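Going line by line, the protein sequences match chains F and H.
Everything in the first sequence is counted per the numbering used here, starting at 3 for the first residue and increasing by one.
Everything in the second sequence is counted per the numbering used here, starting at 3 for the first residue and increasing by one.
Backbone N, C-alpha and C define an ideal beta-carbon position, used for all residues, glycine too.
Here the structure is a predicted model, which is why all the values come from computation and not from measurement.
Working notes, structure below.
There are 2 protein chains.
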Amino acid sequence: MKAEGTRGAILDAALELGSLQGLEELSLGSLASAVNMSKSGLFAHFGSKHELQLATIAQAWEVFEAEVVLDPPQSAQHGLHVLLERWLSFYQRKVFPGGCFFVISAVEFAGRADAVAKALASAVDRQTTALEAAVRKANASGELPIRKDPRQTAFALFSTLTNADALFQVREDPVVFDHARATIVDLLGPPGLADG
Amino acid sequence: MKAEGTRGAILDAALELGSLQGLEELSLGSLASAVNMSKSGLFAHFGSKHELQLATIAQAWEVFEAEVVLDPPQSAQHGLHVLLERWLSFYQRKVFPGGCFFVISAVEFAGRADAVAKALASAVDRQTTALEAAVRKANASGELPIRKDPRQTAFALFSTLTNADALFQVREDPVVFDHARATIVDLLGPPGLADG
DNA sequence: AAATAGCACGACCGATCGTGCTATTTCGAG
DNA sequence: CTCGAAATAGCACGATCGGTCGTGCTATTT
Chain F
3 MKAEGTRGAI LDAALELGSL QGLEELSLGS LASAVNMSKS GLFAHFGSKH ELQLATIAQA
63 WEVFEAEVVL DPPQSAQHGL HVLLERWLSF YQRKVFPGGC FFVISAVEFA GRADAVAKAL
123 ASAVDRQTTA LEAAVRKANA SGELPIRKDP RQTAFALFST LTNADALFQV REDPVVFDHA
183 RATIVDLLGP PGLADG
Chain H
3 MKAEGTRGAI LDAALELGSL QGLEELSLGS LASAVNMSKS GLFAHFGSKH ELQLATIAQA
63 WEVFEAEVVL DPPQSAQHGL HVLLERWLSF YQRKVFPGGC FFVISAVEFA GRADAVAKAL
123 ASAVDRQTTA LEAAVRKANA SGELPIRKDP RQTAFALFST LTNADALFQV REDPVVFDHA
183 RATIVDLLGP PGLADG
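Next comes the structure, spelled out in structure tokens:
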């Protein structure tokens, strides 16, 4: 899912550095030296830091979507559990080395009115909406032993996922993913009762 | 829980600005003008930004501890639920206007080795430990309808609490606290079964 | 071969950062 | 009323910030 070309290389590096330090702390200078370019040469690709941030968010979403959300063709039967497992794996593999780009940055930019804040809030919304849709589908497909309220359950699942990521960043101990998986079972019941 | 004296006033402002923008982005200049002081006059109180950050973290913990953790003398019977409710209220009242100081900053500083990162990680540990202890006590007191694994449950509760805070920051919609309360019931069962 | 267009470059701008060093002010004890 | 210590302000520093400028290389087009 690496992007090609100079601009793509810049965005890949921006993704890495931005997730580690936050979108605002990511400076043009440090990014330029990370891709072995001059600051001005890099800058010309975007025109403003604002635009660079927006492009980075868009790239981050593409990576996340491809790795987590986009349909794995198999297993409509366990769609929700597959989604959650891919999500946890995404965090555990540190695809964004500094952790979940969206929630951290969205909180960092919360309260501002600019386009960057809006883009981040929208990314968070897309994440929770994806969870909500998966819960709905799981309700319909019989994947869940009992029906669950989609909004409410999406909130609980999103909490579990993002907190696993955050604590993994802080503690560097993958045991948080075991806790997350146990919490998911607590919240949803064991998978596959409907078609065992 | 306001701290007194000039230094206390500085720390109160540091708490507010730091929670809004993050500990690193909090600059001496903006902080100085927020308390109507010169940058150097403020600086003399701490000697380095490092020390200011550490003092701010300590102050933040004192505020949090007094508002949430320290024993409310009543209701040993519902200790865990009271703790969770105070915790949510702490977030909803925006005592730290930019949201939970500790998790956000701890993730921001994750990976570094300095004392600030260590202090933040320790604050997060104290939070999860407080939850764990409350779960243990609830197990013993019969507050919970069924016994719960303390570590595992502390993780799930901490997820719920911090995610409510984060989404509240992003969405400005207090409905997230309803979701959080429902999730708590999901995780723990209804309160007060043991002594109803 | 000449003209053009896309990239990337180094130099530089004003602003702000954290941090020293030195005055000045403030204030309580004698 | 004075004196000395503590608190605060003034000022300057080197570094870095986002951003602009003119310039040179290297293709492609004409």
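| So, is the C-beta of residue 197 of chain F closer than 8 Å to a C-beta in chain H? | Residue placement at residue 197 of chain F cannot be trusted, given a pLDDT of 47 that sits under 50; the coordinates are not used to answer.
| request: For the region 114 to 148 of chain F, enumerate the residues whose C-beta is nearer than 7 Å to any C-beta of chain H, in chain order. | output: Closer than 7 Å at the C-beta level to chain H, one finds these residues of the region 114 to 148 of chain F: 123 and 126.
| said: With H, G and I counted as helix, E and B as strand and the rest as coil, what does DSSP make of residue 70 of chain H? | reply: Looking at residue 70 of chain H - three-state DSSP - the assignment turns out to be helix.
| task | Use the C-beta contact count for residue 101 of chain H: other C-beta atoms within 10 angstroms, 16 or more gives buried, fewer gives exposed. | result | It is buried - the Cβ of residue 101 of chain H has at least 16 other Cβ atoms within 10 Å.
| message | Can you list, in chain order, the residues of its chain with a C-beta nearer than 6 Å to that of residue 103 of chain H? Leave out the 5 residues immediately preceding and following it. | response | The answer, listed in chain order, is 21 and 62.
| said: Counting beta carbon pairs with one atom in the region 155 to 168 of chain F and one in the region 121 to 132 of chain F, are three or more of them shorter than 8 Å? | reply: The region 121 to 132 of chain F makes contact with the region 155 to 168 of chain F, as at least three CB pairs between them are under 8 Å.
| said: With a threshold of 6 Å on Cβ separation, who are the neighbours of residue 18 of chain H within its own chain once the five nearest residues in sequence on each side are excluded? | reply: Excluding positions up to five away in sequence, the list reads 99.
| query | So, using beta-carbon positions, are residue 193 of chain H and residue 47 of chain H closer together than 8 Å? | reply | No Cβ-Cβ contact shorter than 8 Å links residue 193 of chain H with residue 47 of chain H.
| query | How long is the line joining the alpha carbons of residue 92 of chain H and residue 182 of chain H, rounded to whole angstroms? | reply | When the Cα atoms are used, residue 92 of chain H and residue 182 of chain H turn out to be separated by approximately 13 Å.
| said: Measuring straight from C-alpha to C-alpha, what distance separates residue 7 of chain H and residue 178 of chain H? | reply: Distance between residue 7 of chain H and residue 178 of chain H, taken at the CA atoms: about 37 Å.
| Host alpha helix (DSSP H) of residue 44 of chain F (start-end) | Residue 44 of chain F -> alpha helix (DSSP H) spans 41 to 45.
| request: Measure the C-alpha to C-alpha separation of residue 11 of chain H and residue 142 of chain H and round it to an integer number of angstroms. | output: Going by the C-alpha atoms only, they are around 42 Å apart.
| request: Rounded to whole angstroms, what's the CA-CA distance from residue 114 of chain F to residue 149 of chain H? Just pull it up for me. | output: Taking the Cα positions, residue 114 of chain F is about 44 Å away from residue 149 of chain H.
| task | Using 10 angstroms around the beta-carbon of residue 24 of chain F, count the other beta-carbons present and answer buried if the total reaches 16, otherwise exposed. | result | Label assigned to residue 24 of chain F: buried.
| request: May I have the straight-line CA-CA distance separating residue 121 of chain H from residue 59 of chain H, to the nearest angstrom? | output: Distance from the CA atom of residue 121 of chain H to the CA atom of residue 59 of chain H, rounded to whole angstroms, is 7 Å.
| Cβ neighbours of residue 164 of chain F in the same chain (closer than 7 Å, five flanking residues each side left out) | Only 102 and 105 meet the Cβ criterion.
| message | Would residue 106 of chain H pass as an interface residue toward chain F - the criterion being a Cβ-Cβ separation below 8 Å? | response | Residue 106 of chain H counts as touching chain F.
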